[in-house]
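According to our numbering, the sequence shown is numbered sequentially starting from 14.
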Amino acid sequence: MRTVRQARSIGITLLSTLVTLGLLTATASFAAETTKPFKGKEVNGGTVTHEVKGGKHILTLSKDFKVPGSPDPHWQLIDSKGTVYLLDRLKLKDDKITTTITIPAYVQDIAKVQMWCAWAEVVLGEAPFDKPVKAHGK
Numbered sequence: 014m015r016t017v018r019q020a021r022s023i024g025i026t027l028l029s030t031l032v033t034l035g036l037l038t039a040t041a042s043f044a045a046e047t048t049k050p051f052k053g054k055e056v057n058g059g060t061v062t063h064e065v066k067g068g069k070h071i072l073t074l075s076k077d078f079k080v081p082g083s084p085d086p087h088w089q090l091i092d093s094k095g096t097v098y099l100l101d102r103l104k105l106k107d108d109k110i111t112t113t114i115t116i117p118a119y120v121q122d123i124a125k126v127q128m129w130c131a132w133a134e135v136v137l138g139e140a141p142f143d144k145p146v147k148a149h150g151k
């Protein structure tokens, strides 16, 4: 009788340990990832953080990011294959800026984030991730 209880106790402890390790691994895979600071013609400093919130992949500019003075800055993403995705404007009406952006489902991963001036057609600055971040990839 005693050995049966001991065996059950060991089994429950082992199962609890495995579940805890699985949860820790899953949490680590959804941890926020941050780029290196922006470097470029007009944008130097500030970073972008990638997080998953409510099942959506979100990019957020850091508080120390300085909005470039160019006329039409946009968010632009580059994936690990070099595909470029031009997204939303950074500046909105009434001097508001888009500090967060939801990554579209067609973007599989992100190697770097750029600020792009659509008017002058020039990269204002870019911030790479240490390794490509999986967005909607398989």
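Virtual Cβ for every residue (Gly too), placed ideally from N, Cα, C.
Among residues of its own chain, excluding the 5 on either side of residue i, which ones have a beta-carbon nearer than 6 Å to its beta-carbon?
i, result
"Pro145", "Ser93, Asp122 and Ala124"
"His70", "Ile116 and Ala148"
"Thr47", "Thr60 and Thr62"
"Tyr98", "Leu90 and Val120"
"Thr16", "none"
What does a CB cutoff of less than 7 Å around residue i pick up in its chain, not counting 5 residues either side in sequence?
i, result
"Asp101", "His87, Trp88, Thr111 and Ile114"
"Pro141", "Thr48, Lys49, Ala124 and Lys125"
"Ile25", "none"
"Gly95", "none"
"Ala118", "His149"
Just curious, the beta strand (DSSP E) that residue i is in, first and last residue?
i, result
"Leu90", "Pro86 to Ile91"
"Lys69", "Lys69 to Leu74"
"Glu139", "Val135 to Lys147"
"Val126", "Asp122 to Cys130"
"Glu64", "Val61 to Lys66"
"Leu105", "Run containing Leu105: none; DSSP gives neither H nor E here."
"Ile114", "Thr113 to Thr115"
Judging by CA-CA distance, which residue of the options is the nearest neighbour of residue i?
i, options, result
"Glu55", "Asp107, Lys106 and Val135", "Val135"
"Lys76", "Ala118, Leu137 and Phe51", "Phe51"
"Leu103", "Trp132, Gly150 and Ser22", "Trp132"
"Glu139", "Ala45, Ile23, Gly58 and Ser22", "Gly58"
"Phe78", "Ile23, Gly53 and Asp143", "Gly53"
"Thr73", "Ala45, Thr96 and Ser22", "Ala45"
By a C-beta neighbour count over all protein chains shown, 10 Å radius and 16 as the cutoff for buried, is residue i buried or exposed?
i, result
"Gly68", "exposed"
"Leu137", "buried"
"Leu105", "exposed"
### Query
With contact counted as at least three CB pairs below 8 Å, one residue from each stretch, are the stretch 73-84 and the stretch 125-141 in contact?
In short, these stretches touch, since the Cβ pair count reaches three.
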